[in-house]
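Comments concern the structure below.
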Amino acid sequence: MKKVETYNHLKIEKKWQKFWDEKKTYQTLSVDKAKVKGLKPYYVLDMFPYPSGAGLHVGHPRGYIGSDVFARFKRMQGFNVLHPMGFDSFGLPAEQYAIKTGKHPGPFTDSLVKKYKKQLEIIGFSYDWSREVETHSPEYYKWTQWIFLQLYNSYYDTKKNKAESIETLIKYFNKNGNKDCNAFTNDSAIFSALEWKNFTEKEKQYVLMSYRLAYEGYAEVNWCPEMGTVLANDEIIEDKNGNMVSERGEYPVEKKMMRQWFMRITAYADRLISGLDEIDWSSSIKQTQKNWIGKSEGSEITFYIEDKEFGNFISNVDIFTTRADTLFGVTYIALAIDHPIVERLLKEQITNWDQVYTYIQEVKKQEKNDLKEITGIKLEGIVAKQSFLDIEIPIYLTNYVLSNYGTGAVMGVPAHDERDFKFAEKYDLPIQEVIIPSVIDLSNPPQKGKETKTRNTVHVIVYNKKTDSFLTLRWKKFDWHTIVLGGIDDGEDVINAALREVKEETGYSNLLFKRILGGKIEAKYFAAHKNENRTAITTGVYFELIDETKVDISQEEKDNFDIEWVKSSDFFTKKMTNSELPFWIERLQKGKNEAFCDYGTLINSGDFDGMDSEYARTKITEKVKGKIVTKYKMRDAIFARQRYWGEPIPLIHTKDGLIETVKEKDLPLELPKVKSYQPSGNGESPLSSVSSWVKSGYETNTMPGWAGSSWYFLRYMDPKNKKEFASKEALSYWKQVDMYIGGTEHATGHLLYSRFWHKFLKDIGYAKTEEPFKALKNQGLILATDGRKMSKRWGNVINPDEIVKTYGADTLRVYEMFMGPFEASQPWNTESIIGSRRFVERVFRLSVSVLENNIKVSNKESLRALHSIIEKVTSDIQNFSFNTSISGMMIALNTFEKENQLSKNDFLKFLSLLAPFAPHIAEELWNKFGQKGSIHTSVFPKADKKYLAQEEVIIPISVNGKVRAEIIVSPKISQEDIENIAINNEKVKVWIEGKEIKKFIYVPGKIVNIVI
RNA sequence: GCCGGAGUGGCGGAAUGGUAGACGCACUCGACUCAAAAUCGAGUAUUCGCAAGGAUGUGGAGGUUCGAGUCCUCUCUCCGGCACCA
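Pasting the structure below:
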């Protein structure tokens, strides 16, 4: 018996990993060499990991495998591929380790990095490790600090729409003050050139802080007095009673204002939105970013506040609204509890200050983001007015208005805002309707050139409880089916008008009034009998029939229509002639009235009556001398942590209270050694207890975790450069990341911050593109078998090292790509991994038989299978449809085995398709077949269409859409011929016998459908 | 509440408007074997039928079309994000 070679993954994988490493197979060519060779760049990037103590589980490599397949594919297509890896190695867990053990987090981090690298290496990725970056190494963070300094020394020019040097702004101030300076700021104070020159250095510094892109300010932090430290949001949990406590030790956490550093990301808000249009990201992640930035256009309108008793002017107050069209519906003004004018200007005038103060304290205690109930308190003794409104408007403090959005003040329009509506109901404030929905009667639309008359009408819905039906009229002369309706006479009450109409038209006279169905509705139609257009402004009234008592009705009415009671189920679903009816029914079914928040037509708004909302928004803003403004939900990003394990901020506080930058030649400003990693106890970072550090005046805050990760992709382009963060040549050659792969969890963090930094670096002449990541793919999660996320906590973690050991890296890679669509989440199933292992083994066995058979030319079937899979894999990898590539290769393999007529050369082509997915076995067999070099630097095969043509195709014949037979014909068969064959087919005959053929459809090469 | 995404066999999933369930797992039967594993072959949506064959079937209800998992309208469920943003 002959000894059969077996597939030994352990041996093969180790062997080739060593080979690739020694031969530097995956080393990216330098810019110069690539240019000489004429190779185009392609940059495939993974989101680099944060090395945590837990190590990798099988979910982590999913994205890395996908990007590796893609990178290998691009490399075989002849691109100079940049596919690097590194570590985001500053951060909290290492810090916590240091606090717990008292040891320096550096060596600990290094050991974790080592562990991660080892785990990654055995999976066989094609990273160019010579370009590795680690954000905690001083050679790297030197440039993170350098970028910080550029931001610190820049402001945003809103006219040029780019960042500019702060020196330019200072020159401008010297000449003109800050009038019309086009610099982005949140500060509204205006000063002249003379005033600027007379400012002290400290005052100047203070002013400039409002313009710099990196600036000092104050912000609320989570302060834990027990631990004497500031906590990040993910270090806080909610305890049983709903109080915020620290995750470790469950100590209470409170809010505290602290000095911080910020990034003025809001200056880039518009570009962060518009840039989304030019990048190939999933719509959901783009939408998430758009929502997060939260752009909304609205108006700022000034109201003035006066003393109620004497009418003395006290102060202006600006409100922000997106619905200036509802201005005439204002019935109160609502201020945030911490609106600056409350304490500053109004306190003295408010006659119920004690109660107001108590209320403010109460609201302050409530946890943010957890508004259970809308509350408020009226400010007695003062009122608001607006020149164009002829009313005194009460002012409230409320808990539903935020001081940090808009102007911290809103106009309360209960009729057209849900929250205002609730508030008005609770505090019994008037609800003034100014916008009504507008419908056009499509069956009878207004005609051009006809006069339009407006009239007030009433629609009456009458319900008969006994029979569960509604009163309708069936018109005799027209094809109309309506509810009772009619005009409202001058001075007549709506309810009386409704009762009168019902009595006149139907005779029913004993009705019980239930309610008015919300606001009015405008309907436009053509009144044929009067030859004019009508605009009916209609109120819906709802009655119940008490009994069938009837009065006589006129003959005219009897001739007009029949009375018809319609069962409620029909009434709610049936389309009737009144186009307003769906509104009435919706309101009827809701049971209570609500605010109408959509756009519509204005009423009760003086000169603006009849305008539509959108137009009126600007018109009213103009009229009241308001401003059209744009607001964003996004806030400036906090750029400081009171911790040790992060990049030091390269600034020096002088004795005079001034801030100086660390000179570029002195970068990096390295982290000092400290005795203790414990927080200082006063909220400052451990750096504040290093006396030499403090003596030198160095800033004690460190940078947040996202600093280093906001530009690392640029460093990979030129990782060893000592003079610049990356050379101009490297930046212009690589330009941007072509394909970025990572999880969706970074949608509003890393992915937003790095776009911001990249845009800034472009503005100051370094980055070459507006956007850093041209295309982005988000890999789906791999869930544990129990459907939960893999986590130590649930004890459901599967370790990739073990899978690699038992099944091999190639099998793991094939399996993770085969599981399902790359961007969808799937549960891990160790049971089904065997399928991928069998596939790899069968390829191995096929290689043995191909060598033995030694066939010169493959047979037709094999050739067709090969070339169609070449085509499929090429397009599937391009689309990240890795799962279908693999199933396609399995199908091809089935054919090769069945036919057993595959040539060596054709097998090698197949092997090339497999190489990106299963690199080790592909390399092994490539080598065994006597090929030179590495399969991974060989050329990806191209499909030859001539092998794809088929002489015969199977065409299903369907009758009325149901498949009844199949025939085998030439793909070139004519419509006439196939019609003959199909109709005379025995199986088909059974179905069409004696029936007339109405239509015969032949979709060439696909299907026949006979319609009878 | 708002904005995304998704609902297809026992499971993971496939399907430019053209034979739904490819491919894989699991399962059943068979071959090989003393036996088992591995491997190979056949089968495997539901339902009626001995079979040939028929009917039903892609969360639900309608619609467009010769033809719908795919397009349109409404609706239910699940997942993700945001959430007092005026």
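Residue numbers are given in the working numbering: position 177 of the first sequence equals residue 237, and the series is strictly consecutive. Even for Gly, the Cβ is constructed at its ideal location relative to N, Cα and C.
Closest by C-alpha distance to G354, when choosing among I374, L971, F363, D330: D330
For S769, the first and last residue of its enclosing beta strand (DSSP E): Per DSSP, S769 belongs to no beta strand (DSSP E); it is in the alpha helix (DSSP H), 766-769.
Beta-ladder partner(s) of F380, from DSSP: E360
Helix, strand or coil at S529 [DSSP, three-state]: strand
A154 burial status per 10 Å Cβ neighbour count (16 or more: buried): buried
Buried/exposed call for V390, threshold 16 Cβ in 10 Å: buried
For L923, the first and last residue of its enclosing beta strand (DSSP E): It is not in any beta strand (DSSP E) - L923 instead sits in the alpha helix (DSSP H) that spans 920-938.
Residue span of the alpha helix (DSSP H) that contains A274, given as start and end: Where A274 is concerned, there is no enclosing alpha helix (DSSP H), although the beta strand (DSSP E) it sits in stretches over 274-284.
Cut-off 6 Å between Cβ atoms - residues of its own chain near G706, not counting five sequence neighbours on either side: F150, T762, M763
N234, enclosing alpha helix (DSSP H) - first and last residue: 226-236
Euclidean distance between Cα positions of V1042 and Q1010: Sequence check: residue 1042 is Ala here, not Val. A1042 and Q1010: Cα-Cα distance of roughly 20 Å.
Identity of the residue in A975, N954, W986 nearest K964 by Cα: W986
Status (buried if at least 16 other CB within 10 Å, exposed otherwise) for M777: buried
DSSP three-state assignment for W126, whether helix, strand or coil: For clarity, residue 126 is Gly in the given sequence; the question names Trp instead. If DSSP states are grouped into helix, strand and coil, G126 belongs with the helices.
Where K580 falls: helix, strand or coil (DSSP): coil
Touching by the beta-carbon criterion (3+ pairs, under 8 Å), the segment 608-628 and the segment 523-539: yes
Sufficient close CB pairs (3 or more, under 8 Å) joining the segment 1018-1038 to the segment 940-958: no
Contact the segment 175-191 vs the segment 223-239: 3+ CB pairs below 8 Å: no
Classification of A557 by the beta-carbon crowding that lies within 10 angstroms, buried from 16 upward: buried
CA nearest to the CA of S614, picked from C657, T595, E564: E564
CA-to-CA distance, K368 to R479, given in whole angstroms: 26 Å
CA-to-CA distance, I296 to G743, given in whole angstroms: 16 Å
Span of the beta strand (DSSP E) around I451: 449-453
Length of the line joining the Cα atoms of V601 and M317: 55 Å
Segments of 3+ residues assigned as beta strand (DSSP E) that fall wholly inside the segment 661-692: 687-691
For L711, the first and last residue of its enclosing beta strand (DSSP E): 711-713
Beta-carbon proximity check, G468 vs A396, cutoff 7 Å: yes
C-alpha gap between I709 and I442, whole angstroms: 48 Å
Sequence-distant residues of its chain with Cβ nearer than 7 Å to K445 (five each side left out): F363, Y364, E366, E452, I453
Of the listed residues K969, W888, A869, nearest to V910 (C-alpha basis): K969
Three-way DSSP call (helix, strand, coil) for P101 in this model: strand
Bridge-paired residues (DSSP) for Q886: I842
Contacts around H399, its chain only, beta-carbon distance under 7 Å, and the 5 residues preceding and following it disregarded: S463, G468, A469
Contact set for W1051: own chain, Cβ-Cβ below 6 Å, skip 5 residues either direction: V1019, R1024
Local Cβ density within 10 Å of P312, reported as buried at 16 or more and exposed below that: exposed
Sheet register partners of D622 (DSSP bridge): R534
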